[in-house]
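> Below you will find the structure I want to go over with you.
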């Protein structure tokens, strides 16, 4: 199954790895449990990935450390955005060509170096390594991860370039997440939004792709096998959550591990081989083991305060001389200095000298503001002294907060010597047209743990365009613009730092004209929709600000997406509502895993065969309905709609999002099927994120132990693909044009963060909006057209606007408590009669009942009757435990009464917590009538072999706001395989296994609920052998 698993083990040959054993696994597990640094990294990654639950007060679902963000994207002229976007490759080419001419850089910065010691230190390294040392940078592997920043101005609507960041281009991760969030809010608040108005924005994925390309180029060029990048960071780091996103993408998409180190840690522990120039650093968990680094990615090193002593400068030079790829190299960093960028403007020959065509140089100049050397341009200095509000004085610094305005600008220009002025650039100040911005009031929101909105009446925005260039000598490996971000602030605020609270992270809503200056001009052309003017935008903005329901949604989505900063105490970085989970994945036999993975399509086929025969389902469940009122209500709807009503479900569009659960047993290492979940298969979102965490911890704790594989596990994307396919088929079948689905949820849903990941995937990957409603809300709001049977619900912000729903996806409705009154049952029936696709439909939900699944075991003809071949049926039976109807199978009942520890009694319920064991099982079997017993299934209990598990001590971790580990000495795991099937009549649109999850608990615990604290979320570490039998 090569498409299933990704090898992320040590690149060394397996002969050099220690064999798998229970002892070696336990050793790694305990080493991680005792590593403060590793546990702190886990906490930061958990917060970044949004692996969380909503707090008990679900009206206040916001993480306390939320980052300052806008709540709606900002209208931005599409023409200006496109112009800046298209400059990405041009700027990257110019920066690269300059970086491979270190002599020109040293000469151009000679005067600045005399006045600015920081620039001098960088110039000295550049001279010693590349000029005196003879290193030809044009033959090196070079990676540029850039962000070029622009401000739209009131003069001729020009977009002027502020600067190009060649080091530590921040917020690529947060920018990606905020765009996802804005797709949700924009689709709710703005009428008839076109997908093209919200540009695709995944800079984090492209940055990770570029780094992976650089690592591959390194390995290819030097014949190495490194899978490690070192991110050089500050301590403490304000922006760690943003950085963790790129770490998670590198792990999930490329199997590349990221080791975070400060300059001090590297200065103390880095090893550069004097002959090979290979760089090694000690493993975080096992310092005796050295890890080869292919690429150093600097998220620090751009200011003098980050070099605490001469050892840091010596380190920087030592790394520069090594074979490892630098991002940026010192020449690249010097290319990003204000002085060099000022020369692009003041010396017309520079851009063409370094490889741009005249046409490319002209396009660049269109976006230049006036910028001069104040030691030379005395007329410009005089103009700045006359009107200091129109100018800014910039030193050679990155990171914000260093620019000079007003009185400080005047003082510096008038008191500095000519030599001192050479370190500065004097630049005209750009004055954008303001536009209101709805933002989060960050201090108030953190205190209240909910979204408290504020309106920035006169907001101005700086546009940042991310781009990536990877060069191997003169060969271009990758060159592309990657995404964007906006930083929006009050027009009266000079600085723009997000963490400092000056501005908020924002994204662009592309419009055909500049809304800031319009007074009724249509800026997009969706037929029948009102024009998006400034007035319309402001109205939508204020409506969102006053909608409690919409603001609550915002808080939940922000928490789910991990749009956060670490608390002030950076040593305690954990989101306080972290979900119970394992810190290392569980060793699991690969052979058994693959067997049930491949079986998933067979299970899908059987469920669909059962679903399209509602008469059989009604007949088989008749005995259950006499004892169980909940099943009776479902059966009644099935009969009314599909039998008496004559609806042929085999001709409908049908969607199945399933999870098939198995337990490994001690008898013959068999995997036995526990059940198939046909409604609300949970944790598809969270487990995708847990897999990212497990890639990080596995590579840290187990690299070098043995060869292993971690399954690709992007369940939430596959589920979103299935829903999107159904939406497309719905539109084709009924000639509709909707991109809206409704997720039916519980009131007070504790698994909301998990659900929000699916919402995010639908928004980002498919431009499909998700509307969350309870059954009670639908009963009050839904409208099903009597003629067309089209279902519509009101928009959450503007109830006068009705939204057509293509899919109702049930994350509730599987238990009687979800139907709070008769109106909930009535709306379930009305939706079943509509043309909207239901996931699950009533017949599909009935096909997942325990009674129906018991018949697969007890009646050999059932599986063949509903579409399986004999071979498929035989494969299914290999995984069946004994399960019987206790009203009939008296011998099995007698066996259960004799040894109740070996059996479990199951009612017709989903959601966990309903099964009966021990005394309760005995009591029910002995006191219930035969008719009452018909509602149950009696099943043999599966007894897996235990294995230690390193998990989070959830209560202690929540209290301490950091990862507190615990070891479950005898942990047993239930495996869930997710699958998706989409049918249009008898045509298969999509059929695939999607991923997996494990739920691990102590062997003595009966129930397996994660939220209830019985079990922890886990994933599989696939091994060739079952190590539970090894010593």
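Numbering (our numbering), first residue to last: 93 to 1123. Note that beta-carbon positions come from the ideal geometry of N, C-alpha and C, so glycine has one too.
Indicate the three-state DSSP secondary structure (helix, strand or coil) for residue 477 in the structure shown.
Here residue 477 sits in helix by DSSP.
> Do you know offhand how far residue 674's Cα is from residue 746's?
Whole-angstrom Cα-Cα distance: 35 angstroms.
> Per the DSSP calculation, residue 810 is bridged to which residue(s)?
Residue 810 pairs with nothing; no bridge assigned.
> In terms of alpha-carbon separation, which member of 788, 1116, 254 lies closest to residue 462?
Nearest option by C-alpha distance: 254.
> How many angstroms separate the CA atom of residue 689 from the CA atom of residue 846?
Looking at the two C-alpha atoms, the distance is approximately 23 angstroms.
> What is the DSSP secondary structure of residue 219, counted as helix, strand or coil?
Of the three classes helix, strand and coil, the one that applies to residue 219 here is helix, per DSSP.
> Which residue or residues does DSSP assign as beta-bridge partners of residue 600?
For residue 600, which the question treats as bridged, DSSP gives the partners 166.
> Relative to the C-alpha of residue 749, which candidate in 1001, 931, 275, 925 has its C-alpha closest?
Answer by Cα proximity: 931.
> Are there three or more Cβ pairs, one per stretch, closer than 8 angstroms when the segment 534 to 542 is compared with the segment 515 to 525?
They do not touch, by the three-pair rule.
> According to DSSP, residue 995 sits in a beta bridge with which residue or residues?
Looking at the DSSP assignment, residue 995 forms a beta bridge with 1032.
> In or out: residue 743 buried (at least 16 other Cβ within 10 Å) or exposed?
Classification for residue 743: exposed.
> DSSP three-state call for residue 934: helix, strand or coil?
Looking at residue 934 - three-state DSSP - the assignment turns out to be helix.
> By Cβ distance, which residues of its chain are closer than 7 angstroms to residue 1105, with the 5 residues on each side in sequence left out?
These residues qualify, in order along the chain: 672, 1046.
> Can you tell me where the alpha helix (DSSP H) holding residue 253 begins and where it ends?
Run containing residue 253: none in the alpha helix (DSSP H); it sits in the beta strand (DSSP E), 251 to 257.
> Note the first and the last residue of the continuous beta strand (DSSP E) segment covering residue 349.
Here the beta strand (DSSP E) through residue 349 covers 349 to 353.
> Touch check for the segment 808 to 822 and the segment 863 to 882: three-plus C-beta pairs under 8 angstroms?
No, because fewer than three Cβ pairs between the segment 808 to 822 and the segment 863 to 882 fall closer than 8 angstroms, the two stretches do not touch.
> CA-CA distance, residue 801 and residue 792?
So the alpha carbons of these two residues sit roughly 15 angstroms apart.
> Going by Cα to Cα distance, which pick from 719, 721, 726 is closest to residue 709?
Here the closest residue by C-alpha is 726.
> Using only the alpha-carbon positions, how far apart do residue 128 and residue 975 sit?
Approximately 47 angstroms, taken between the alpha carbons.
> I need the boundaries of the beta strand (DSSP E) containing residue 180, first residue and last residue.
From DSSP, residue 180 is part of no beta strand (DSSP E) but of the alpha helix (DSSP H) over 180 to 191.
> Under three-state DSSP, which class holds residue 619?
Residue confidence for residue 619 is low, a pLDDT of 41 falling below 50, so the modelled location carries little weight; the figure read from the coordinates is stated next. Coil, per DSSP.
> What are the residues that DSSP puts in a beta bridge with residue 1087?
Looking at the DSSP assignment, residue 1087 forms a beta bridge with 1070.
> Helix, strand or coil for residue 1109, going by three-state DSSP, please let me know.
Of the three classes helix, strand and coil, the one that applies to residue 1109 here is strand, per DSSP.
> Starting from the Cα of residue 972, find the closest Cα among 1033, 257, 1107, 559 and give me that residue.
Nearest option by C-alpha distance: 1033.
> Name, in chain order, the residues that DSSP records as bridge partners for residue 390.
324, per the DSSP bridge assignment.
> Which of the three DSSP states, helix, strand or coil, is assigned to residue 735?
If DSSP states are grouped into helix, strand and coil, residue 735 belongs with the helices.
> I need the DSSP call for residue 303, collapsed to helix, strand or coil.
In this structure, residue 303 counts as helix in the three-state DSSP scheme.
> Are the CB atoms of residue 967 and residue 691 within a distance shorter than 8 angstroms?
Yes, the Cβ-Cβ distance between residue 691 and residue 967 is below 8 angstroms.
> Of the choices 652, 678, 543, whose alpha-carbon is the least far from that of residue 636?
Per the Cα distances, 543.
> Ends of the beta strand (DSSP E) at residue 502?
Premise fails: residue 502 lies in the alpha helix (DSSP H), 498 to 507, not in any beta strand (DSSP E).
> Locate the alpha helix (DSSP H) running through residue 265, then write down its first and last residues.
Looking at the DSSP string, the run of the alpha helix (DSSP H) that includes residue 265 is 264 to 281.
> Check whether the Cβ atoms of residue 429 and residue 211 sit closer than 8 angstroms, and answer yes or no.
For residue 429 and residue 211, yes; Cβs fall inside 8 angstroms.
> Use the C-beta contact count for residue 776: other C-beta atoms within 10 angstroms, 16 or more gives buried, fewer gives exposed.
Buried, since its Cβ has 16 or more Cβ neighbours within 10 Å.
> Of the choices 642, 638, 604, 645, whose alpha-carbon is the least far from that of residue 626?
Answer by Cα proximity: 604.
> Identify whether residue 613 lies in helix, strand or coil by the three-state DSSP scheme.
Only weak support exists for where residue 613 lies, its pLDDT of 32 falling under 50; the coordinates are left without a value.
> Determine, using beta carbons only, whether residue 729 and residue 897 come nearer to each other than 8 angstroms.
Cβ atoms of residue 729 and residue 897: not closer than 8 angstroms.
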